[in-house]
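Asks:
There are 2 protein chains.
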Amino acid sequence: MATIRDVAKRAGVAISTVSAVINRSAPTSDAVIDRVERAIAEIGYTPHGAARTLRSGNSRLIGLIIPDISNPHFSRVARITERACMTAGYMTFVYDTDEDFEQELQILKMMRSQRVAGLILISTRSDADHGRRLMAEINVPTVLRGCYVEGVPFDIVTMDEQRAGYLATSHLLDLGHRRIAIFAGRTGVSTSEERLEGARLAFTERKLRFPEELVVPGDFSERRAFEAVREVMAGPERPSAVFTLSILMTVGVMRGVASTGLSMPRDVSLAAIDDFDWPEIMNPQPTTVVQPVEEMTEVAIAKLLDQIERGTLPTGRRLLFEPKLIVRGSAAPL
Amino acid sequence: MATIRDVAKRAGVAISTVSAVINRSAPTSDAVIDRVERAIAEIGYTPHGAARTLRSGNSRLIGLIIPDISNPHFSRVARITERACMTAGYMTFVYDTDEDFEQELQILKMMRSQRVAGLILISTRSDADHGRRLMAEINVPTVLRGCYVEGVPFDIVTMDEQRAGYLATSHLLDLGHRRIAIFAGRTGVSTSEERLEGARLAFTERKLRFPEELVVPGDFSERRAFEAVREVMAGPERPSAVFTLSILMTVGVMRGVASTGLSMPRDVSLAAIDDFDWPEIMNPQPTTVVQPVEEMTEVAIAKLLDQIERGTLPTGRRLLFEPKLIVRGSAAPL
DNA sequence: GTGAAAGCGCTAACAG
DNA sequence: CTGTTAGCGCTTTCAC
Numbered sequence: 001m002a003t004i005r006d007v008a009k010r011a012g013v014a015i016s017t018v019s020a021v022i023n024r025s026a027p028t029s030d031a032v033i034d035r036v037e038r039a040i041a042e043i044g045y046t047p048h049g050a051a052r053t054l055r056s057g058n059s060r061l062i063g064l065i066i067p068d069i070s071n072p073h074f075s076r077v078a079r080i081t082e083r084a085c086m087t088a089g090y091m092t093f094v095y096d097t098d099e100d101f102e103q104e105l106q107i108l109k110m111m112r113s114q115r116v117a118g119l120i121l122i123s124t125r126s127d128a129d130h131g132r133r134l135m136a137e138i139n140v141p142t143v144l145r146g147c148y149v150e151g152v153p154f155d156i157v158t159m160d161e162q163r164a165g166y167l168a169t170s171h172l173l174d175l176g177h178r179r180i181a182i183f184a185g186r187t188g189v190s191t192s193e194e195r196l197e198g199a200r201l202a203f204t205e206r207k208l209r210f211p212e213e214l215v216v217p218g219d220f221s222e223r224r225a226f227e228a229v230r231e232v233m234a235g236p237e238r239p240s241a242v243f244t245l246s247i248l249m250t251v252g253v254m255r256g257v258a259s260t261g262l263s264m265p266r267d268v269s270l271a272a273i274d275d276f277d278w279p280e281i282m283n284p285q286p287t288t289v290v291q292p293v294e295e296m297t298e299v300a301i302a303k304l305l306d307q308i309e310r311g312t313l314p315t316g317r318r319l320l321f322e323p324k325l326i327v328r329g330s331a332a333p334l
Numbered sequence: 335m336a337t338i339r340d341v342a343k344r345a346g347v348a349i350s351t352v353s354a355v356i357n358r359s360a361p362t363s364d365a366v367i368d369r370v371e372r373a374i375a376e377i378g379y380t381p382h383g384a385a386r387t388l389r390s391g392n393s394r395l396i397g398l399i400i401p402d403i404s405n406p407h408f409s410r411v412a413r414i415t416e417r418a419c420m421t422a423g424y425m426t427f428v429y430d431t432d433e434d435f436e437q438e439l440q441i442l443k444m445m446r447s448q449r450v451a452g453l454i455l456i457s458t459r460s461d462a463d464h465g466r467r468l469m470a471e472i473n474v475p476t477v478l479r480g481c482y483v484e485g486v487p488f489d490i491v492t493m494d495e496q497r498a499g500y501l502a503t504s505h506l507l508d509l510g511h512r513r514i515a516i517f518a519g520r521t522g523v524s525t526s527e528e529r530l531e532g533a534r535l536a537f538t539e540r541k542l543r544f545p546e547e548l549v550v551p552g553d554f555s556e557r558r559a560f561e562a563v564r565e566v567m568a569g570p571e572r573p574s575a576v577f578t579l580s581i582l583m584t585v586g587v588m589r590g591v592a593s594t595g596l597s598m599p600r601d602v603s604l605a606a607i608d609d610f611d612w613p614e615i616m617n618p619q620p621t622t623v624v625q626p627v628e629e630m631t632e633v634a635i636a637k638l639l640d641q642i643e644r645g646t647l648p649t650g651r652r653l654l655f656e657p658k659l660i661v662r663g664s665a666a667p668l
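Residue numbers (the working numbering), protein chains in the order written: chain P, 1 to 334; chain B, 335 to 668.
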């Protein structure tokens, strides 16, 4: 492939001049710019990214690590992130952890080998052990999304998870429901624990006993929620409502309920967290708490670029965004 | 960051030996391997990808270009591709064209700057002009998915698009429908044109006139289909059935029909191409033609890796996969 | 197995 | 603006 030397020869200028034109790193006359750009076009020259990275120490690469790209919530995050990074002149590596922390570490290692300039990370665990592992693996500016991680100095952008849990649960309680089965995510993930905490708060605030025995442990997966809800619905003292803490579990629960022949919301009401792209074509349409995904993602990227380019230091603080309840048809009065 | 020199010093061996251990590129004794690997772990050394790329001329990077990552069909492709490439020791750049060919070219340029070793491309146009542009931009092994492009020598992996259109249309015809509105994708994209051709075949094979006036031009987008179906349904001589050529248009049509107060399949039947992850929670559940996405994706990657690693030459041939009709509730007898 | 050396393509610094 | 130069971290070759 053509190199910068070929361009210099063709344009009849010095190599350093070509570099100056490409990077606008030194003043050059319009005539020279024109000659160089023409030469670049004629030869079909494209600067060699790896050579630039090696020499300049700046890869202009950003890593985005999410639990699951086929989850519509995260594919939106991915799309917005890529666009924003591209605009800022960065390329993006987007990778799935599949909710597995060993994969997360392996992906971080790959990102490291590419010397990414920054990371946006939706982590898989919140505990301090995991925090230590992350600190050992990460040595670039990083912004956390979603899952809080103990003991890391990074900024974190999330919605007010507790309030999200509170809003959904309050809605069900206000409709008269008391026996509410809650489908939780993995223990040890702040996202799930905080949403659950919000649910507890909604009960206690109303001087109601929180039915701890109706909390169904899960792993955010659709399949697990599917199986669990079938068991719960077949048992004695069927709950009158369910609350699912994330989108894939909502799918699993809806499928599971449908498969038992029960009807929603006639036999059981549902409130959820996270939205679908096209609720109109679902049956029933889910009543759900949504987060401002676009805004949160843009803020996270802006914070990251600030750290990368202006050397801003992370505050280690958490930026909370306000969740919003959207009432549709899946939850009805008891 | 630590370099290979630091590792060599720490392990008390030569730089070339460290390189040999990392790449298994020369015989080394177990004792030496052990010392080197220990040193790597102690120092926390990660090879510098850009330096390797520059020196070896092999980036071990693969580019995947798809129309839209938030389309569940393509996010599945992305997920499978990343996994397979990772297993083979490649990292992946996944990018959206947003169905825009100028974006496609810009992304190809970025891929070029990173010197990707190979490309999997779902292109946005099929014409020869576009083929020439691609040839000017691409100089690495490439496998096409989905959209055929004229005049390029690459292998292409698709389903039998015409048969897919034939299967769906035949199903509606066999249910007695004659006034079938067909929601097409962009003209100039083989995917759409061939599916449409299959629909025509289903009519003519039954000695029926193909209602050309009921073909609704579109662009694969959800919004356009939404608007179009509302217009069609409000017009005189409402069709008794609709056939949507891709998944986002199916969503748009279902939403559009719902918004007019019509019921599916009572007032209008629907057959579609491409499946959803969770048809069970949809209303109605779509009768649709599906492609073997996993298999096709794996074949495409295998072909690509073969060309990259063993220098196999592309055959320029098209590999057709068999579509399958899945009958659910969205299409009823007239 | 060692140790030295060349060079991938680029940026950046410098004297002219 | 030119022309030259060093060197980023690595792979690869070669004589030992």
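Idealized CB from N, CA, C, for every residue including glycine.
Can at least three beta-carbon pairs, one atom from the segment 629 to 637 of chain B and one from the segment 302 to 309 of chain P, be found at a separation below 8 Å?
Replies: Result no; under three Cβ-Cβ pairs closer than 8 Å.
Asks: Would DSSP call M493 of chain B helix, strand or coil?
Replies: It is a strand residue.
Asks: Does DSSP put D277 of chain P in a helix, in a strand, or in coil?
Replies: Coil.
Asks: Tell me the rounded alpha-carbon separation between A665 of chain B and R266 of chain P.
Replies: Rounded to the nearest angstrom, the two C-alpha atoms are 26 Å apart.
Asks: Who are V563 of chain B's beta bridge partners in DSSP?
Replies: DSSP lists no partner for V563 of chain B.
Asks: How would you call L208 of chain P, buried or exposed, if buried means at least 16 neighbouring beta carbons within 10 angstroms?
Replies: Exposed, by the Cβ-count rule.
Asks: Kindly say whether D434 of chain B, judged by its beta-carbon, lies nearer than 8 Å to any beta-carbon of chain P.
Replies: False, the Cβ-Cβ gap to chain P never drops below 8 Å.
Asks: Pick out whichever of P:P323, P:A271, P:S113 has its Cα sitting closest to the Cα of L173 of chain P.
Replies: Residue P:A271 is the option with its Cα nearest to L173 of chain P.
Asks: Among P:L334, P:E298, P:V327, P:S113, which has the Cα closest to the Cα of A88 of chain P?
Replies: Selected option, being the one with the closest Cα: P:E298.
Asks: Verify the CB distance criterion: does S25 of chain P have a CB-CB separation below 8 Å to chain B?
Replies: So, not an interface residue.
Asks: Could you give the first and the last residue of the continuous beta strand (DSSP E) run that contains R652 of chain B?
Replies: That run of the beta strand (DSSP E) goes 652 to 655.
Asks: State buried or exposed for A568 of chain B, treating a residue as buried only when at least 16 other CB atoms are found within 10 Å of its CB.
Replies: Label assigned to A568 of chain B: exposed.
Asks: Which residues in chain B sit within 9 Å of E213 of chain P, going by Cβ to Cβ distance?
Replies: Within chain B, no residue comes near E213 of chain P; the closest Cβ sits about 27 Å away, beyond 9 Å.
Asks: Roughly how far, in whole angstroms, is the beta-carbon of F154 of chain P from the beta-carbon of V242 of chain P, given that I think they are within contact range, below 8 Å?
Replies: Not a contact, Cβ separation roughly 34 Å.
Asks: Can you tell me the Cα-Cα spacing of E150 of chain P and E416 of chain B, whole angstroms?
Replies: Cα to Cα, the separation comes out at about 29 Å.
Asks: What residues match up with I66 of chain P in a beta bridge as DSSP calls it?
Replies: In the DSSP output, where bridge partners are listed per residue, I66 of chain P has P:D96.
Asks: Which of the three DSSP states is assigned to G131 of chain P in this structure?
Replies: In this structure, G131 of chain P counts as helix in the three-state DSSP scheme.
Asks: For H382 of chain B, which residues in chain P fall below 8 Å Cβ to Cβ?
Replies: Under the 8 Å cutoff, chain P gives L54, S113, R115.
Asks: At the level of alpha carbons, what is the spacing between R343 of chain P and L398 of chain B?
Replies: This structure gives no information on residue 343 of chain P, because the portion of chain P shown stretches from 1 to 334.
Asks: Under the DSSP definition of a beta bridge, which residues are partnered with R145 of chain P?
Replies: DSSP output for R145 of chain P lists P:V157 as bridge partner(s).
Asks: V602 of chain B: which of B:D608, B:T594, B:D609 sits nearest, CA to CA?
Replies: With distances taken between Cα atoms, V602 of chain B lies closest to B:T594.
Asks: Just to confirm, are G452 of chain B and P667 of chain B a CB contact at a threshold of 8 Å?
Replies: Not in contact: G452 of chain B and P667 of chain B (Cβ atoms no closer than 8 Å).
Asks: Would a C-beta distance cut-off of 8 Å place M598 of chain B and A559 of chain B closer than the cut-off?
Replies: No, they are not a contact pair.
Asks: Taking only beta-carbon positions, decide if E194 of chain P is within less than 8 Å of chain B.
Replies: Not closer than 8 Å to any Cβ of chain B, the Cβ of E194 of chain P fails to qualify, so no.
Asks: Which residues share a DSSP beta bridge with G452 of chain B?
Replies: Note: G452 of chain B sits in a beta bridge opposite B:I396.
Asks: Which of the residues in the segment 73 to 107 of chain P, read from start to end, lie with their CB under 7 Å from any CB of chain B?
Replies: Going along the segment 73 to 107 of chain P in chain order, one finds S75, R76, A78, R79, E82, M91, F93, V94, Y95, D96 with a Cβ nearer than 7 Å to chain B.
Asks: Does the beta-carbon distance from P657 of chain B to D463 of chain B come in below 8 Å?
Replies: Not a contact, by the Cβ cut-off of 8 Å.
Asks: Quick one: which chain B residues come within Cβ less than 8 Å of E280 of chain P?
Replies: Those are M588, R589, A592, S593, listed as they occur along chain B.
Asks: Whole angstroms are fine: how far does the CA of V21 of chain P sit from the CA of S580 of chain B?
Replies: Those two C-alpha atoms are separated by around 45 Å.
Asks: Could you tell me whether any non-hydrogen atom of the ligand FMN is closer than 7 Å to the CB of L507 of chain B?
Replies: Among the components modelled here there is no ligand, and therefore nothing to report on the ligand FMN.
Asks: Tell me which residue opens and which closes the beta strand (DSSP E) that P290 of chain P is part of.
Replies: Going by the sequence as given, residue 290 of chain P is Val instead of Pro. Segment 287 to 290, the beta strand (DSSP E) holding V290 of chain P.
Asks: To be precise: take each residue of the segment 555 to 588 of chain B, compare its Cβ to all Cβ atoms of chain P, and keep it if any distance is under 9 Å. Which residues remain?
Replies: Under the 9 Å Cβ criterion, the segment 555 to 588 of chain B contributes E556, T584, V585, G586, M588.
Asks: Could you tell me the distance, in whole angstroms, from the CA atom of R125 of chain P to the CA atom of A515 of chain B?
Replies: Cα-Cα distance, rounded: 50 Å.
Asks: Could you pull out every residue in the same chain whose Cβ sits closer than 7 Å to the Cβ of A39 of chain P, ignoring the five residues on either side in sequence?
Replies: Excluding positions up to five away in sequence, the list reads V7, R10, A11.
Asks: Return the chain-ordered list of same chain residues with a C-beta closer than 6 Å to the C-beta of R449 of chain B, the five sequence neighbours on each side being excluded.
Replies: S393, listed in sequence order.
Asks: Please determine, among P:N283, P:V13, P:L108, P:V152, the residue with the shortest C-alpha to C-alpha distance to R592 of chain B.
Replies: This sequence places Ala at residue 592 of chain B; Arg is not what is there. Of the candidates P:N283, P:V13, P:L108, P:V152, the one whose C-alpha sits nearest the C-alpha of A592 of chain B is P:N283.
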